[in-house]
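>
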Amino acid sequence: MADEAGLYEALWRPYKLKKNYDIIEDDYNNEYEFENSNPVKANEIISIIEKGLKDMKAKPSYYKKFDSLNGWGLYVHFIPFIEEYLEALKKYPDAFVECSR
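Take the sequence shown: its position 48, counting from 1, is numbered 31 in our numbering, and each next residue is one higher.
Listed below in structure tokens is the structure:
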């Protein structure tokens, strides 16, 4: 669902949105090093989050097709998460974004 809305990287791998990101897939050591040496600020991803959220809200039936069968990833829960995340990004635009995985 996040990927379909263009939100996956912005939410969980924002460093991949940096213009100089060119790490080959599955090169985890270089990816980790790149992530640590290229911090992302909240203001760098606000417009991406806004665009994806707007699209998701405009087409709920489309995005609900991506609901997880086991209930762990549902549109109804994802939208409030994105809204709260966006609110925090806007409140702290100069904050560094870090994703734990």
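The beta-carbon is built from N, C-alpha and C at its ideal position, and this holds for glycine as well.
What residues in its chain sit with their C-beta under 6 angstroms from that of Ile65, if we drop five residues either side in the sequence?
Numbered from 1 along the sequence shown, position 82 holds the residue referred to as residue 65. Leu36.
> My understanding is that Val23 touches Pro63, with C-beta atoms under 8 angstroms, so please give their C-beta distance in whole angstroms.
As a first step, residue 23 is located in the sequence shown; it is residue number 40 there, counting from the start. As a first step, residue 63 is located in the sequence shown; it is residue number 80 there, counting from the start. With a Cβ gap of about 23 angstroms, Val23 and Pro63 do not count as contacting.
> By Cβ distance below 6 angstroms, which residues in the same chain neighbour Tyr46 in space, the five residues on each side in sequence not counted?
Taking the first residue of the sequence shown as 1, we reach residue 46 at position 63. Excluding residues within five positions, the ones whose Cβ falls inside 6 angstroms are Met(-16), Met39 and Tyr58.
> Roughly how many angstroms lie between the CA atoms of Glu8 and Glu18, to the nearest whole one?
Walking along the sequence shown from the start, residue 8 turns up at place 25. Walking along the sequence shown from the start, residue 18 turns up at place 35. When rounded, the distance between both Cα atoms is 14 angstroms.
> Tell me, please, whether the CB atom of Tyr(-9) is closer than 7 angstroms to any CB atom in chain C?
Absent from the structure: chain C. Only one protein chain is present.
> On the premise that Ile28 lies in contact with Leu52, defined as a C-beta separation below 8 angstroms, what is that separation, rounded to the nearest angstrom?
Here the question's residue 52 lines up with position 69 in the sequence shown. Here the question's residue 28 lines up with position 45 in the sequence shown. In fact, because the Cβ distance is near 29 angstroms, the residues do not count as touching under 8 angstroms.
> Using 10 angstroms around the beta-carbon of Ala78, count the other beta-carbons present and answer buried if the total reaches 16, otherwise exposed.
The residue labelled residue 78 in the question sits at position 95 within the sequence shown. Its Cβ having fewer than 16 others within 10 Å, Ala78 is exposed.
> Comparing alpha-carbon positions, which option in Ser83, Leu72 and Glu81 lies nearest Asn26?
The residue you call residue 26 lines up with position 43 of the sequence shown. The shortest C-alpha separation from Asn26 is found at Leu72.
> Quick test of your reading: Glu(-13) and Phe49, contact by CB under 8 angstroms. State the CB separation rounded to the nearest angstrom.
As a working note, residue -13 is residue 4 in the sequence shown. As a working note, residue 49 is residue 66 in the sequence shown. Sure, about 6 angstroms apart at Cβ, within 8 angstroms.
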